[in-house]
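There are 2 protein chains.
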Amino acid sequence: MKFELQKTDSQTKARAGKITTDHGEILTPIFMPVGTAGTVKGVHTKELLEEVEAQIILGNTYHLYLRPGLDILEKAGGLHKFNGWDKPILTDSGGYQVFSLKEIRKITEEGVYFNSHIDGSKHLFTPEYVMDIQRVIGADIIMAFDECPPYPCDHEYARKSMHLTHRWLKRCVKRINETEPKYGHSQALFPIVQGSVFKDLRIQSAEFIASQDQPGNAIGGLSVGEPAEDMYEMLEIVNGILPESKPRYLMGVGTPENILEGIALGTDMFDCVMPTRNARNGMLFTTQGIINIRNKKWEDDFSPIDQELGGYVSTFYSKAYLKHLNKCQEMLAAQIASVHNLRFYLWLVGEARNHILAGDFAEWKPLAIKKLMQRL
Amino acid sequence: MKFELQKTDSQTKARAGKITTDHGEILTPIFMPVGTAGTVKGVHTKELLEEVEAQIILGNTYHLYLRPGLDILEKAGGLHKFNGWDKPILTDSGGYQVFSLKEIRKITEEGVYFNSHIDGSKHLFTPEYVMDIQRVIGADIIMAFDECPPYPCDHEYARKSMHLTHRWLKRCVKRINETEPKYGHSQALFPIVQGSVFKDLRIQSAEFIASQDQPGNAIGGLSVGEPAEDMYEMLEIVNGILPESKPRYLMGVGTPENILEGIALGTDMFDCVMPTRNARNGMLFTTQGIINIRNKKWEDDFSPIDQELGGYVSTFYSKAYLKHLNKCQEMLAAQIASVHNLRFYLWLVGEARNHILAGDFAEWKPLAIKKLMQRL
Numbered sequence: 001m002k003f004e005l006q007k008t009d010s011q012t013k014a015r016a017g018k019i020t021t022d023h024g025e026i027l028t029p030i031f032m033p034v035g036t037a038g039t040v041k042g043v044h045t046k047e048l049l050e051e052v053e054a055q056i057i058l059g060n061t062y063h064l065y066l067r068p069g070l071d072i073l074e075k076a077g078g079l080h081k082f083n084g085w086d087k088p089i090l091t092d093s094g095g096y097q098v099f100s101l102k103e104i105r106k107i108t109e110e111g112v113y114f115n116s117h118i119d120g121s122k123h124l125f126t127p128e129y130v131m132d133i134q135r136v137i138g139a140d141i142i143m144a145f146d147e148c149p150p151y152p153c154d155h156e157y158a159r160k161s162m163h164l165t166h167r168w169l170k171r172c173v174k175r176i177n178e179t180e181p182k183y184g185h186s187q188a189l190f191p192i193v194q195g196s197v198f199k200d201l202r203i204q205s206a207e208f209i210a211s212q213d214q215p216g217n218a219i220g221g222l223s224v225g226e227p228a229e230d231m232y233e234m235l236e237i238v239n240g241i242l243p244e245s246k247p248r249y250l251m252g253v254g255t256p257e258n259i260l261e262g263i264a265l266g267t268d269m270f271d272c273v274m275p276t277r278n279a280r281n282g283m284l285f286t287t288q289g290i291i292n293i294r295n296k297k298w299e300d301d302f303s304p305i306d307q308e309l310g311g312y313v314s315t316f317y318s319k320a321y322l323k324h325l326n327k328c329q330e331m332l333a334a335q336i337a338s339v340h341n342l343r344f345y346l347w348l349v350g351e352a353r354n355h356i357l358a359g360d361f362a363e364w365k366p367l368a369i370k371k372l373m374q375r376l
Numbered sequence: 001m002k003f004e005l006q007k008t009d010s011q012t013k014a015r016a017g018k019i020t021t022d023h024g025e026i027l028t029p030i031f032m033p034v035g036t037a038g039t040v041k042g043v044h045t046k047e048l049l050e051e052v053e054a055q056i057i058l059g060n061t062y063h064l065y066l067r068p069g070l071d072i073l074e075k076a077g078g079l080h081k082f083n084g085w086d087k088p089i090l091t092d093s094g095g096y097q098v099f100s101l102k103e104i105r106k107i108t109e110e111g112v113y114f115n116s117h118i119d120g121s122k123h124l125f126t127p128e129y130v131m132d133i134q135r136v137i138g139a140d141i142i143m144a145f146d147e148c149p150p151y152p153c154d155h156e157y158a159r160k161s162m163h164l165t166h167r168w169l170k171r172c173v174k175r176i177n178e179t180e181p182k183y184g185h186s187q188a189l190f191p192i193v194q195g196s197v198f199k200d201l202r203i204q205s206a207e208f209i210a211s212q213d214q215p216g217n218a219i220g221g222l223s224v225g226e227p228a229e230d231m232y233e234m235l236e237i238v239n240g241i242l243p244e245s246k247p248r249y250l251m252g253v254g255t256p257e258n259i260l261e262g263i264a265l266g267t268d269m270f271d272c273v274m275p276t277r278n279a280r281n282g283m284l285f286t287t288q289g290i291i292n293i294r295n296k297k298w299e300d301d302f303s304p305i306d307q308e309l310g311g312y313v314s315t316f317y318s319k320a321y322l323k324h325l326n327k328c329q330e331m332l333a334a335q336i337a338s339v340h341n342l343r344f345y346l347w348l349v350g351e352a353r354n355h356i357l358a359g360d361f362a363e364w365k366p367l368a369i370k371k372l373m374q375r376l
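Written out as C-alpha cells, the structure is:
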C-alpha cells in the first residue's frame, strides 16, 4: 500500500491524497460504505460502483467470521471473490463488535472470550487469531485488534485499556510479519490510537502507534457518545502526532458535519453506518439539506429526490414516491434511500477534496455545513 | 388497444400475438410482474426494464386507493408519472383484495362495503367507483369489478355470484363509456369470466363476457385452491368460447408449469406474486430447475445463480453468496432473488413465444416442464 500526499490546505490541516492498493486507487479524503456481512445493506454491487461511486468498502471481521465463516471465505478465495467487489476492502478487527456484546464477553490479556449473538456459541479472539482471520478474508487494509473503552470511562480504566491495546498491537504486528497474504495481493495493517477523551493518554497512544511505523494509522474510541468538541480536540492532538506521510482513518464517524470537521483536522478516511441506517429510517442527506421523508410535506412533492446530486436513484425517483414507499414499508424505500445517502457521502468527500485542491476549503466548509445540515 | 394474433400453434391452442397500447407494445404470451403498491417489491424501475425486461406491470387498485390515495395519484398525473414506469400498466379491480378481507366486508347489490386493513376506515367499492378509481390511476388496461367466489363453493353460490359479477360488469361498461381517460392515453376494459369449477356456469359466463365485446377478456376465480386439472378444464372451456381475436388473461397464475399449460390452452397473459414472494423465501426458478437457496448444498457453490438466463443479477452473484445473504436475512438476498425470478418468468414466456413461432411448442413444452420444475 502506498500513500501519496497530494496537497495540504494552507488554512486548515485538510489534505488531499491518493492511496494505492493492489485492488486500485483511493482518492482521499474518502468515505467508506459499511458492508457488515459482506454486503452494503440494500445496495447491489453494481450500484456501489456506478451509483454510489464507492472506492473502498468496509467488512466486519466479527460478522464475517460467524457467517459465512472462514471455511467458505477461504474456499471462495477471499471476500473480494465471494461478494464480487474487486476494489479495495478494509476490515475492522471485530474489537468494536465484540466489546458491544457487554453481557456475553470477557476480556483477558490473552484476548476476548465471547458468545456469538446468533447461536450463543463460544469463541476466543486473540490478536494473533484476528490477524489470521483477516488474512483469510483477504482485505486490503486490516485493522489491529484493540479494546474500545466505553464512554464515559475513568482515567484509570482508559489508561489500562490503552496499554492492553498497545501490547495487543505488538502481537498483531508480529503475527502479520510472520504470515503471508493468501491470495496474492498485499494487506496493510493499520494500528489504532485509543485513550478515550484524555489528552495525556491520546498523546501517549498516538506516539506509540506512530512508532510502529505501519502503512496507515487509525483513531478509535471516538464518536462513542462524547461531545463533538471532545472528539475534535482529541483528533487535533492525535493528528498532530501521527505522521503526515501516512493516511489517518477516523473510525465510525459520522455526520456530514463531523466528516468535514474531521477533514479540516487532517483526517483522510471515514466510515459510518449512518447513511444506510438513517436511510432505512427515512432520513435523507441531500445537497440542499436534510429530509425526513416521513414528513407530510413531501407527499405531493413530485420533484426528484436530489437533482443536483445526479445519479439514477436521486434524479429518477420523486420525493412523493419515496414518501409513499416509506409509508407502505416497501423494501424499495430503503433501497433508494441507501443508494442516495451513500452517493451523497461520496459526493461530500469528493467536494471536500476538490476544494482542498482548489485552495478554498476553509471558506467552503462552514457554508457547506450550514447548508447540508439544515432541516428541509 | 389493439391485438394482433401473429400465430396459432397447429398442435395446441397456444398463440403468439402483439398487444399495442398507448404506452407501447406487449408481445404475448406475456407474464406481468405484480407491483401491488405501485412498486414491484425490491426491484428498481430501471431493473424492471433492463434486467427483468418486463413489458407490462400490474398495480392493485385496492392498495393504491388506500395509499397513496386518489388525490396524490391525480396530482402526480397518474401511476405512470408517479412511479416512473412509462410502459403499459394493468390494474386489477380491487375485487380480489376486498373479498380476501373476509371478516371486514359486506357484499350487496350496490357494491362491497369494507374496512381498510391499515386503519380500519370504512369504504364502499361500487362498479362505477372502481372504474373512476382506475381512471385516476390511469392504467392502460383496467379490470371490471367482479366477485371472486371462494373455493370450494356450492353451485348455487357460484351461480348467484356469477350473475352479480355480470350485472356489475354492465355497470362497469356503462361507466367506462360515459367517462374519459384523464391523461390522454386510452384505457381498455377487460371483463372477467367467473363460475368457479362448474362447467355450465363457466360456459354461461364466458358467453356473457364475450358478448360484451370489450378489447380483451380475463378468466378469474381460478388458482384459488382447486386442483390444477380443474383449472385446466375450466380454462379449456372458457378459451373455447372467448373470441380468438382478443387477448385472454388468466388472473393470478402461477407456477412455470401452470403458465406453460395455460399457454397451451390458448391463454395470452398471466400475473402472479409467486416469483417475488417465493424469492423472498429463498426459492429460485432457474433455467436448470428449482433451487431452495436455504439448502446447505449451495453454501460452497460459487457458480453463478443462472449463467444461461443471462442478466447482471443472475450471472454476477454466486449461489454461495446468495445463500449467505439469505442466511443473514440481508435485504440484498430478496432483491437478487426477486430480480432473478422475474427475469426467469419473462424468459419463460419469451421461450414459449419463440417455440410457438418456430412451430415446435408442443414438443418443447413437456421437456421444459420436466426440466424447469425439477428440484435441484
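Chains as they are written, first to last, in full-length UniProt numbering: chain Z, 1 to 376; chain E, 1 to 376.
Quick reminder that beta carbons are idealized off the backbone N, C-alpha and C, glycines included.
Quick caveat: nothing in here was measured; it's all calculated off a predicted structure.
Review point. Span of the alpha helix (DSSP H) holding Tyr321/E?
Key: Stepping through the second sequence from its first residue, residue 321/E is reached at position 321. Residues Lys319 to Lys327.
Exercise for review: Name, please, each residue of chain Z whose Cβ falls closer than 7 Å to the Cβ of Asn83/E.
Suggested key: Walking along the second sequence from the start, residue 83/E turns up at place 83. Result: Tyr321.
**Study point:** Same chain only: Cβ atoms within 8 Å of residue 380/Z, ignoring 5 sequence neighbours per side
**Key:** Residue 380/Z lies beyond the stretch modelled for chain Z, which goes from 1 to 376, so this question has no answer here.
Exercise for review: Pick helix, strand or coil for Asn258/E, following the three-state DSSP scheme.
Suggested key: Numbered from 1 along the second sequence, position 258 holds the residue referred to as residue 258/E. Asn258/E falls in the helix class under three-state DSSP.
Check your understanding: Applying the criterion that 16 or more other CB atoms from any shown protein chain within 10 Å of the CB defines a buried residue, is Lys323/E buried or exposed?
Key -> By one-based count along the second sequence, residue 323/E stands at place 323. Of the other Cβ atoms in all chains shown, 16 or more fall within 10 Å of the Cβ of Lys323/E; this residue is therefore buried.
Check your understanding: What residues from chain E crowd round Met331/Z, counting only those whose CB sits closer than 8 Å?
Key -> Start at 1 with the first residue of the first sequence, and residue 331/Z comes out as number 331. Result: Lys41, Gly42, Met331, Ala334 and Gln335.
Exercise for review: Could you name the residues that DSSP lists as bridge partners for Tyr96/E?
Suggested key: Within the second sequence, residue 96/E is the residue found at index 96, counting from 1. None, per the DSSP bridge assignment.
Point to revise | Which of helix, strand or coil DSSP assigns to Thr12/Z | key: Counting from 1 along the first sequence, the entry for residue 12/Z is found at position 12. In this structure, Thr12/Z counts as coil in the three-state DSSP scheme.
Exercise for review: Name, please, each residue of chain E whose Cβ falls closer than 9 Å to the Cβ of Thr315/Z.
Suggested key: Taking the first residue of the first sequence as position 1, residue 315/Z is located at position 315. Residues of chain E passing the Cβ test: none, with the nearest at roughly 11 Å.
Point to revise | Under 7 Å by beta carbon: chain E residues contacting Tyr312/Z | key: In the first sequence, counting from the first residue as 1, residue 312/Z sits at position 312. Within chain E, the residues near Tyr312/Z are Lys46.
Point to revise | Backbone secondary structure at Ile291/E - three-state DSSP | key: What you label residue 291/E is simply residue 291 of the second sequence in a count that begins at 1. Of the three classes helix, strand and coil, the one that applies to Ile291/E here is strand, per DSSP.
Check your understanding: Exposed or buried, Gln335/E, counting other C-beta atoms within 10 Å across all chains shown (16 or more means buried)?
Key -> For the purposes of this step, residue 335/E is taken as residue 335 along the second sequence, with counting starting at 1. Flag for Gln335/E reads buried.
Check your understanding: Is the segment 11–30 of chain E close to the segment 350–363 of chain E, with three or more CB pairs under 8 Å?
Key -> yes
Point to revise | Interface flag, His324/E vs chain Z, CB-CB below 8 Å | key: Translated into positions along the second sequence, residue 324/E becomes position 324. Cβ-Cβ to chain Z under 8 Å: yes for His324/E.
Exercise for review: Compare the C-beta of Ala76/Z with all C-beta atoms of chain E and state if any pair is closer than 8 Å.
Suggested key: Locating residue 76/Z in the first sequence gives position 76, where the first residue counts as 1. Closer than 8 Å to some Cβ of chain E, the Cβ of Ala76/Z qualifies, so yes.
Exercise for review: Kindly indicate the opening and closing residues of the beta strand (DSSP E) around His123/Z.
Suggested key: Here residue 123/Z corresponds to residue number 123 of the first sequence, with the count starting at 1. Its beta strand (DSSP E) spans residues Lys122 to Phe125.
Check your understanding: For Lys106/E, does the three-state DSSP call read helix, strand or coil?
Key -> Residue 106/E sits at position 106 when you count from the first residue of the second sequence. It is a strand residue.
Review point. Are the C-beta atoms of Lys182/Z and some chain E residue less than 8 Å apart?
Key: Your numbering for residue 182/Z matches position 182 in the first sequence. No, because no Cβ of chain E sits closer than 8 Å to the Cβ of Lys182/Z.
**Study point:** Assigned secondary structure, Asp200/Z (DSSP; H/G/I helix, E/B strand, else coil)
**Key:** Here the question's residue 200/Z lines up with position 200 in the first sequence. In the structure shown, Asp200/Z sits in a helix (DSSP, three-state: H, G or I).
Check your understanding: With which residues is Ile57/E paired in a DSSP beta bridge?
Key -> As a first step, residue 57/E is located in the second sequence; it is residue number 57 there, counting from the start. Under DSSP, Ile57/E forms a beta bridge with Ile89/E.
Review point. Which first and last residues belong to the beta strand (DSSP E) in which Ile142/E is found?
Key: Within the second sequence, numbered from 1, the residue matching residue 142/E stands at position 142. Looking at the DSSP string, the run of the beta strand (DSSP E) that includes Ile142/E is Ile141 to Met143.
Practice item. Name the one or two DSSP bridge partners that Asn217/E has. Key: Against the second sequence, residue 217/E aligns to sequence position 217. For Asn217/E, which the question treats as bridged, DSSP gives the partners Arg248/E.
Practice item. Express the C-alpha separation of Pro243/E and Thr5/E in angstroms, rounding to a whole number. Key: For the purposes of this step, residue 5/E is identified with residue 5 of the second sequence, where counting begins at 1. For the purposes of this step, residue 243/E is identified with residue 243 of the second sequence, where counting begins at 1. This sequence places Leu at residue 5/E; Thr is not what is there. Going by the C-alpha atoms only, they are around 11 Å apart.
Check your understanding: Taking only beta-carbon atoms, is Arg343/E less than 8 Å away from chain Z?
Key -> Position 343 of the second sequence holds residue 343/E. False, the Cβ-Cβ gap to chain Z never drops below 8 Å.
Review point. Which one or two residues does DSSP pair with Leu284/Z in a beta bridge?
Key: Numbered from 1 along the first sequence, position 284 holds the residue referred to as residue 284/Z. BP columns for Leu284/Z point to Ile291/Z.
Check your understanding: So, does the CB of Arg67/E fall closer than 8 Å to a CB anywhere in chain Z?
Key -> To locate residue 67/E, count along the second sequence from 1; it is residue 67. Arg67/E counts as touching chain Z.
Practice item. Go to Pro346/E, then tell me how far its alpha helix (DSSP H) extends in each direction, as first and last residue. Key: Along the second sequence, one-based indexing puts residue 346/E at 346. The amino acid occupying residue 346/E in the given sequence is Leu; Pro does not appear at that position. Met331 to Ala358 is the extent of the alpha helix (DSSP H) around Leu346/E.
Point to revise | Among Ile219/E, Gln11/E, Lys319/E and Gly240/E, nearest to Lys297/E - alpha-carbon criterion | key: Position 297 of the second sequence, counting from 1, holds the residue named residue 297/E. Of the listed residues, the one whose Cα sits closest to Lys297/E is Lys319/E.
Exercise for review: Compare the beta carbon distance of Phe31/E and Ser93/E with 8 Å and say whether it is the shorter of the two.
Suggested key: Your numbering for residue 31/E matches position 31 in the second sequence. Your numbering for residue 93/E matches position 93 in the second sequence. In this structure, Phe31/E sits away from Ser93/E, with a CB-CB distance that is not shorter than 8 Å.
**Study point:** Buried versus exposed, by CB contacts within 10 Å (16 or more), Asn177/Z
**Key:** In the first sequence, residue 177/Z corresponds to position 177, counting from 1. Exposed, by the Cβ-count rule.
Exercise for review: Give the residues of chain E in contact with Cys328/Z, contact being defined as C-beta atoms less than 7 Å apart.
Suggested key: Your numbering for residue 328/Z matches position 328 in the first sequence. The answer, in chain order, is Ala37 and Arg67.
Check your understanding: Gly300/E touches chain Z at which residues, Cβ-Cβ below 7 Å?
Key -> Indexing the second sequence from 1 puts residue 300/E at position 300. Sequence inspection shows Asp at residue 300/E; the Gly mentioned does not correspond to that position. Result: Ile72 and Lys75.
**Study point:** Assigned secondary structure, Ala188/E (DSSP; H/G/I helix, E/B strand, else coil)
**Key:** Here the question's residue 188/E lines up with position 188 in the second sequence. Of the three classes helix, strand and coil, the one that applies to Ala188/E here is strand, per DSSP.
Review point. Going by alpha carbons, who is nearest to Ala188/Z out of Val238/Z, Lys75/Z, Ala37/Z and Ala218/Z?
Key: For this step, residue 188/Z is matched to residue 188 along the first sequence. With distances taken between Cα atoms, Ala188/Z lies closest to Ala218/Z.
Point to revise | Residues bridged to Val34/E [DSSP beta-bridge criterion] | key: As a position in the second sequence, residue 34/E is number 34, starting the count at 1. Bridge partners of Val34/E: Leu58/E.
Exercise for review: Measure from the alpha carbon of Arg135/Z to the alpha carbon of each residue in Gly111/Z, Glu261/Z, Thr12/Z and Ile89/Z, then state which is nearest.
Suggested key: Residue 135/Z sits at position 135 when you count from the first residue of the first sequence. Here the closest residue by C-alpha is Ile89/Z.
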